[in-house]
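Residue numbers for the sequence shown follow our numbering, beginning at 1159 and rising by one. Below is one structure, written out as structure tokens; the observations come after it.
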Amino acid sequence: MKKEIEQDLPLLDALEQLYPDSSKRTLRTWIKVGKVTVDGIVATRANDIVKAGQELVVGKATPGSVHGLKILYEDPHLVIVDKPMGLLSVPLDREGAPNALKILREHYHTNSIFAVHRIDRKTSGVLAFAKGDEMRAGMDKLFKDHDLTREYLAIVEGNVFPEKGTWHSRLVERSPFEVVATTDPEKGRDAITHYEVVRNSPHVSFLKLTLETGRKHQIRVHCKEAGHPIVGDKRYGSTINPYKRLCLHAHRLAFIHPITGKPIDVSSKTPKSFES
1159 MKKEIEQDLP LLDALEQLYP DSSKRTLRTW IKVGKVTVDG IVATRANDIV
1209 KAGQELVVGK ATPGSVHGLK ILYEDPHLVI VDKPMGLLSV PLDREGAPNA
1259 LKILREHYHT NSIFAVHRID RKTSGVLAFA KGDEMRAGMD KLFKDHDLTR
1309 EYLAIVEGNV FPEKGTWHSR LVERSPFEVV ATTDPEKGRD AITHYEVVRN
1359 SPHVSFLKLT LETGRKHQIR VHCKEAGHPI VGDKRYGSTI NPYKRLCLHA
1409 HRLAFIHPIT GKPIDVSSKT PKSFES
């Protein structure tokens, strides 16, 4: 049901007016599980004031956008966005360059929004943020234990053979902007990427990549080491850039919600340039 509120009311009172036959316990449950939105944003507290003229909706929340940042999934504990290519995930310095974390904190008027992982500035796609310390701790554990699914799409130079396999190496961060592979077993950290060729073109291959580990620049380094740098990735050896971007896209993120126990499986559409 969709309803425009006629006077300022606490959220629970507004719901009671809309659903007089429902108990307060039921209404509070709707709020808790994220079924209630106010002006397109999931409402999380029963005592929050819904102002006259605002639109209250009960049902499956429809993903919206925040200052051009598309929301793919949201509940009281979590927000997952579709980060565009060129936008930072988090601040790099104090200069205040636009970044997804800053946009969300300003939108929700709180600093209790936390990045639980990152994707490179030139990479687009699925990016998750925790709402509050409990969710942050739960997501941190999932990433630490590699207990989730992270799928990427990439266009790389040349034709990849065999068409399915695993890249395994140890990676060392040489500088904030460069990561290299090492054969020294005492250095670096294990990095494992599973790849599969979706299709080959005369000069490039379209890959689906699944991370077993999530090291910085992992996919970019592994593609370079395999002799197939990601198209547009000049830093890691690409010599062509017909698509005018780094051709790497965070396509899918799936896991069990640390608080609700609900399976979460969120995908971002393949960039149109990748389909050409």
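In this text, a Cβ means the ideal position worked out from N, Cα and C, and glycines have one as well. Since this is a predicted model, take the numbers as computed values, not measurements.
7 Å Cβ shell around residue i - same chain, five flanking residues per side excluded
i: Ser1181; result: none
i: Leu1230; result: Pro1221, Ile1238, Val1239, Asp1240, Val1284, Val1424, Ser1426
i: Leu1262; result: Val1224, Val1237, Ile1271, Phe1287
i: Ile1277; result: Lys1241, Ser1247, Gly1283, Leu1285, Ala1408
i: Asp1391; result: Arg1378, Leu1404
i: Ile1417; result: His1235, Glu1292, Met1293, Gly1296
i: Ile1398; result: Glu1315, Val1389
i: Arg1347; result: Arg1328, Leu1329, Arg1373
i: Val1356; result: Phe1364, Leu1365, Lys1366
i: Tyr1177; result: Leu1185
i: Gly1323; result: Tyr1353
i: Lys1260; result: Pro1249
i: Phe1301; result: Val1274, His1275, Gly1372
Residues of its chain near residue i, where Cβ-Cβ distance is below 8 Å and the 5 sequence neighbours each way are ignored
i: Ala1258; result: Leu1227, Val1239, Lys1241, Leu1245, Leu1246, Ser1247, Val1248, Ala1273, Leu1285, Phe1287
i: Phe1432; result: Leu1311, Ile1313, Phe1364, Tyr1401, Cys1405, His1407
i: Pro1256; result: Leu1245, Leu1246
i: Thr1428; result: Leu1311, His1407, His1409
i: Pro1343; result: Arg1328
i: Arg1393; result: Phe1335, Glu1336, Arg1378
Same chain, Cβ closer than 6 Å to residue i, neighbours up to 5 away in sequence not counted
i: His1265; result: Val1224
i: Gly1395; result: Lys1382, Pro1387
i: Val1318; result: Val1355, Ser1363, His1386
i: Thr1340; result: Arg1328, Val1330, Gly1346
Cα-Cα separation, residue i to residue j
i: Ser1359; j: His1386; result: 13 Å
i: Thr1351; j: His1304; result: 12 Å
i: Lys1193; j: Asn1269; result: 24 Å
i: Thr1187; j: His1275; result: 29 Å
i: Ala1219; j: Asp1233; result: A caution first: Ala1219 carries a pLDDT of 49, below 50, which makes its placement in the model unreliable, though a value can still be read off. For Ala1219 and Asp1233, the distance between alpha carbons rounds to 9 Å.
i: Met1243; j: Gln1175; result: 44 Å
i: Glu1162; j: Ala1412; result: 35 Å
i: Thr1368; j: Arg1183; result: 42 Å
i: Ile1451; j: Glu1315; result: Since the first and last residues shown for the chain are 1159 and 1434, residue 1451 lies out of range.
i: Lys1209; j: Ala1349; result: 50 Å
i: Ile1414; j: Ile1422; result: 6 Å
i: His1380; j: Tyr1353; result: 10 Å
i: Val1200; j: Gln1165; result: 20 Å
i: Leu1173; j: Glu1213; result: 12 Å
i: Leu1185; j: Leu1306; result: 32 Å
i: Gly1419; j: Thr1371; result: 23 Å
i: Val1191; j: Gly1254; result: 34 Å
i: His1361; j: Thr1281; result: 22 Å
i: Asp1197; j: Lys1430; result: 30 Å
i: Lys1345; j: Gly1290; result: 35 Å
i: Ala1384; j: Gly1217; result: 48 Å
i: Glu1309; j: Asp1179; result: 45 Å
Beta bridge counterpart(s) of residue i as assigned by DSSP
i: Ile1271; result: Lys1289
i: Leu1236; result: Asp1233, Ala1288
i: Pro1256; result: According to DSSP, Pro1256 bridges with nothing at all.
i: Asp1423; result: Ala1412
i: Ile1137; result: A query on residue 1137 cannot be resolved here, the shown segment of the chain reaching from 1159 to 1434 and no further.
i: Lys1228; result: Ser1223, Asp1240
i: Lys1161; result: Leu1214
i: Val1208; result: Leu1167
i: His1386; result: According to DSSP, His1386 bridges with nothing at all.
i: Gly1283; result: Lys1241, Ala1408
i: Leu1507; result: Because the chain in this structure spans residues 1159 to 1434, residue 1507 falls outside the shown range and cannot be described.
Residue i: CB within 8 Å of a non-hydrogen atom of the ligand MN
i: Tyr1401; result: As for the ligand MN, it is missing from this structure, which has no ligand bound.
Min CB distance residue i to chain C below 9 Å
i: His1380; result: Absent from the structure: chain C. Only one protein chain is present.
Output the residue ranges of the alpha helix (DSSP H) runs that lie fully inside the segment 1166–1192 and measure 4 residues or longer, sorted by chain position.
1169–1176, 1182–1190
Count the CB pairs spanning the segment 1330–1340 and the segment 1290–1304 that are closer than 8 Å, and state whether there are at least three.
no
Decide yes or no for the touch test of the segment 1370–1377 against the segment 1335–1355: beta carbon pairs closer than 8 Å, at least 3 of them.
yes
Contained beta strand (DSSP E) runs [length at least 3] in the segment 1299–1382, N- to C-terminal order:
1307–1315, 1322–1333, 1336–1340, 1347–1358, 1362–1369
Counting Cβ pairs closer than 8 Å, one from the segment 1192–1208 and one from the segment 1169–1178, do we hit at least three?
yes
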